[in-house]
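Below: one structure, written as structure tokens.
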DNA sequence: CCGAGTTGCTAAAACGTATTAGCATGACCA
DNA sequence: TGGTCATGCTAATACGTTTTAGCAACTCGG
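Residue numbers (the numbering used here), protein chains in the order written: chain A, 1 to 355; chain B, 1001 to 1355.
Here you go:
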């Protein structure tokens, strides 16, 4: 019934050698330590015959290293964002033989600290502190001193010796405006932000930087947005209201940049209710590339948040740091900006249609 | 720089007792083993003063138990399903001091086995085998014999001594039809399944059972569906096609049951293009309760998959089994069906509008 | 035939905890 | 005064590895 796991001692006994010998052979240090080829073969055969698998807990205790990393997020369940971020992290970890502990803090600092402790108790080799929306987040002090840590999708307010991985929102904003301009549009309405940084959802790096990128590209052309429509949350109902406001002031708008796909969904609904055709009458560009962007009619052209790539990069940076451990020529505190790819669908008129 | 962790030996030394004494006191076995109150106080003070936290890896090696469970899923990133399932699992685990290893297999059996091994190497106390869609899934033989295991959102083909947690799809189908009937509808079109079990996406328990529940409720009324529209995938584009087919045959349909929200999204689009109003002209009910159900206009009445409750229940069952370990009066092999709640929005006409 | 060097392996300790058996010490009873 | 018993603690071991120091046996040059 309870057939015990086979241990290194079992292998050694079966091979007729001491446990130390078996350990050396299986760690490929046989030649280095002058174990005869014959003995090595015996050990390997015994190991595979018995189906030996080293006990990772014991290795962890002995070596202090567990091939395990902790992934701590404020909110795991928010849309599919979480899924792809974790997927990327899992892929990168798996490819290097690491497992992931995953935990959620609900944004509570005490829970976050307790979770970090619980993971350190389990001797994780490193920690990723993720947020599901790009924002500022001050990690607890404990991560500065001991354990390798990477921030994912967030930045600390103060200067901290921690690497961070965030999407390149400024370039994304630039790209959105550029795509409209290249399509021949000059009169662009903005749904989701005001002209001032304060007109933007608080703590939202995405909002500030998308706006900044858009403004940069427009002003390079001598342009400014035709109208701004700030809103407290980027949700469909606010997108609807903003779109109504646009139409009240400009019954035949030409181009709309929505600050995310849910806002765009609301805008679509209103445009269609008013009999305006996308993209023939009005072009729409958005950000995020949620699943719905592909389901909407016409398909929404939008700039994707590279969740999967970010998850992967965070793990890769962390593993590099773990391997490194001594040589701190890594310049910790670096911010890694991951490109946000434009996903072209059908919501912007062809670039050669007119003008 | 590298200030070592404080160990039990440190605490013992600070308190002026042997490590064994400290261990007993901190395990609350002090009185049982006749440690004087004075000594107990000294130990506790030393522990809290030094900030002692037991090394879980060492405990794991010593006790064979790690307060850790493995959550293995075929696909972690599929919509927000994953998020809520994991959220529920995390909540239940956290409330009992357990951590979760999370891994993804991409549906590959070899990866699944390797992952189970990797987790057993780390001495997890139990394993949850999850799928992101309700379906049949044969877990590897290894889980039968040793480690406590719960199947989440899937059922084995053959009889296995494993508990499973699945949504109660039959009752959900019954509820969908019942809601339509109570609203006074008798002529109901089905988008997403054919009349035969074989007209349904293969392996999809949801399809078979939703259909079964619908048919049961209808036949209790002496009714049958007005039309069936099977499709290989429940995605918006197929929902559009099916809705067009309905209209070709019945230009003024009364009631539509869609087999999921994405199909309903496609149906909405076509209905709106044809100038038909929901719910005034046609009522729509669906399954899943994705986020989009709340974003669509009018809000979609839909029967939710209780992902969070399922995740929570899976962990709770697993922890019960882990605690139990000896007394196998648990009747393993039980299937736990979690109720699927109806989420009423605005896509079905009021029940007293007419009859 | 002796010392030095090489070859091939192993004993032992260590990681940090939990647990069992048992050792002093004093109290109490006969 | 000697034996028994309760009290209060600790030594020692085990969990399964990794790693270092070193032992035994053999070879070889002089």
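We treat Cβ as the ideally placed atom computed from N, Cα and C, and that holds for glycine.
Quick check: is any heavy atom of the ligand FAD less than 8 Å from the C-beta of residue i?
{"i": "residue 1010/B", "result": "For the ligand FAD, the structure offers nothing, since it holds no ligand at all."}
Do you know whose CA, among the options, lies nearest residue i's CA?
{"i": "residue 1144/B", "options": "1152/B, 1162/B and 1046/B", "result": "1162/B"}
{"i": "residue 1067/B", "options": "1077/B, 1176/B, 1055/B and 1078/B", "result": "1055/B"}
{"i": "residue 1125/B", "options": "1116/B, 1258/B and 1256/B", "result": "1116/B"}
{"i": "residue 137/A", "options": "147/A, 271/A, 4/A and 152/A", "result": "152/A"}
{"i": "residue 85/A", "options": "39/A, 194/A and 304/A", "result": "304/A"}
{"i": "residue 214/A", "options": "106/A, 250/A, 169/A and 241/A", "result": "169/A"}
{"i": "residue 1176/B", "options": "1111/B, 1289/B, 1135/B and 1230/B", "result": "1289/B"}
{"i": "residue 154/A", "options": "27/A, 349/A, 311/A and 341/A", "result": "311/A"}
{"i": "residue 1295/B", "options": "261/A, 333/A and 18/A", "result": "261/A"}
{"i": "residue 198/A", "options": "314/A, 278/A and 211/A", "result": "211/A"}
{"i": "residue 217/A", "options": "200/A, 179/A and 231/A", "result": "179/A"}
{"i": "residue 313/A", "options": "107/A, 135/A and 167/A", "result": "167/A"}
{"i": "residue 1010/B", "options": "1232/B, 1037/B, 1064/B and 1044/B", "result": "1044/B"}
{"i": "residue 1165/B", "options": "1021/B, 1339/B, 1335/B and 1133/B", "result": "1335/B"}
{"i": "residue 1132/B", "options": "147/A, 133/A, 146/A and 83/A", "result": "83/A"}
{"i": "residue 1035/B", "options": "1051/B, 1017/B, 1050/B and 1047/B", "result": "1017/B"}
{"i": "residue 1148/B", "options": "1128/B, 1231/B and 1064/B", "result": "1128/B"}
{"i": "residue 200/A", "options": "233/A, 309/A, 292/A and 171/A", "result": "233/A"}
Keeping to the same chain, check which residues put their C-beta closer than 7 Å to that of residue i; ignore five residues upstream and five downstream.
{"i": "residue 96/A", "result": "319"}
{"i": "residue 258/A", "result": "191, 192, 239, 264, 267, 284 and 286"}
{"i": "residue 30/A", "result": "24 and 40"}
{"i": "residue 1186/B", "result": "1223"}
{"i": "residue 1173/B", "result": "1209, 1210, 1211, 1212, 1213 and 1214"}
{"i": "residue 1135/B", "result": "1154, 1203, 1204 and 1205"}
Around the Cβ of residue i, are there at least 16 other Cβ atoms within 10 angstroms (buried) or fewer (exposed)?
{"i": "residue 374/A", "result": "Absent from the structure is residue 374/A, since the part of chain A shown begins at 1 and ends at 355."}
{"i": "residue 1252/B", "result": "exposed"}
{"i": "residue 1087/B", "result": "buried"}
{"i": "residue 1282/B", "result": "buried"}
{"i": "residue 1090/B", "result": "buried"}
{"i": "residue 122/A", "result": "buried"}
{"i": "residue 1324/B", "result": "exposed"}
{"i": "residue 1100/B", "result": "buried"}
{"i": "residue 317/A", "result": "buried"}
{"i": "residue 1236/B", "result": "buried"}
{"i": "residue 321/A", "result": "buried"}
{"i": "residue 1344/B", "result": "exposed"}
Tell me which residues share the same chain as residue i and place their Cβ nearer than 6 Å to its Cβ, disregarding the 5 neighbours each side in the sequence.
{"i": "residue 1098/B", "result": "1067 and 1069"}
{"i": "residue 243/A", "result": "267 and 270"}
{"i": "residue 1346/B", "result": "1298 and 1299"}
{"i": "residue 4/A", "result": "none"}
{"i": "residue 1113/B", "result": "1140"}
{"i": "residue 354/A", "result": "Residue confidence is low: residue 354/A scores 47 on pLDDT, short of 50, so the model does not pin down where it sits. No coordinate-derived value is stated."}
{"i": "residue 111/A", "result": "105"}
Using a Cβ-Cβ cutoff of less than 8 Å, which residues in the same chain neighbour residue i once the five nearest sequence positions on both sides are dropped?
{"i": "residue 1033/B", "result": "1024"}
{"i": "residue 195/A", "result": "225 and 228"}
{"i": "residue 1001/B", "result": "With a pLDDT of 39 at residue 1001/B, under the threshold of 50, the modelled position of this residue cannot be trusted, and the question is left open."}
{"i": "residue 1103/B", "result": "1070, 1071, 1072, 1073, 1115, 1118 and 1119"}
If we require 4 or more residues per run, which alpha helix (DSSP H) segments fall completely within the stretch 223-264 of chain A? 236-249
Mind checking the stretch 1156-1190 of chain B against chain A and listing, in chain order, the residues whose C-beta falls within less than 9 Å of any C-beta there? none
Sequence ranges, beta strand (DSSP E) only - wholly within the stretch 1067-1103 of chain B, length at least 3: 1068-1073
Scan the stretch 1283-1299 of chain B for residues whose Cβ lies nearer than 8 Å to a Cβ of chain A and list them as they occur along the chain. 1291, 1292, 1295 and 1297
Extract the residue ranges of the alpha helix (DSSP H) inside the stretch 105-162 of chain A, only unbroken runs of 4 or more that lie entirely within it. 109-121 and 142-145
Ignoring anything shorter than 3 residues or poking outside the stretch 1289-1354 of chain B, list the beta strand (DSSP E) runs there in chain order. 1301-1304 and 1335-1338
Jot down the residue ranges of each uninterrupted beta strand (DSSP E) in the stretch 1016-1074 of chain B, minimum 3 residues, whole runs only, in chain order. 1068-1073
Residues from the stretch 1034-1057 of chain B in contact with chain A, defined by Cβ distance under 9 Å: 1053, 1054, 1055, 1056 and 1057
What residues in the stretch 111-124 of chain A have a beta carbon less than 7 Å from any beta carbon of chain B? 117, 118, 121, 122 and 123
Interface residues of the stretch 1220-1251 of chain B facing chain A [CB-CB below 7 Å]: 1236
Between the stretch 261-282 of chain A and chain B, which residues of the former have CB atoms less than 9 Å from a CB of the latter, in chain order? 262, 265, 266, 269, 272 and 273
For the stretch 1079-1099 of chain B, which residues have a CB atom closer than 7 Å to at least one CB atom of chain A, in sequence order? 1079, 1080, 1082, 1083, 1084, 1086, 1087, 1090 and 1099
For the stretch 1129-1145 of chain B, list every residue whose C-beta sits within 7 Å of some C-beta in chain A, in sequence order. none
Ignoring anything shorter than 4 residues or poking outside the stretch 157-201 of chain A, list the alpha helix (DSSP H) runs there in chain order. 169-182
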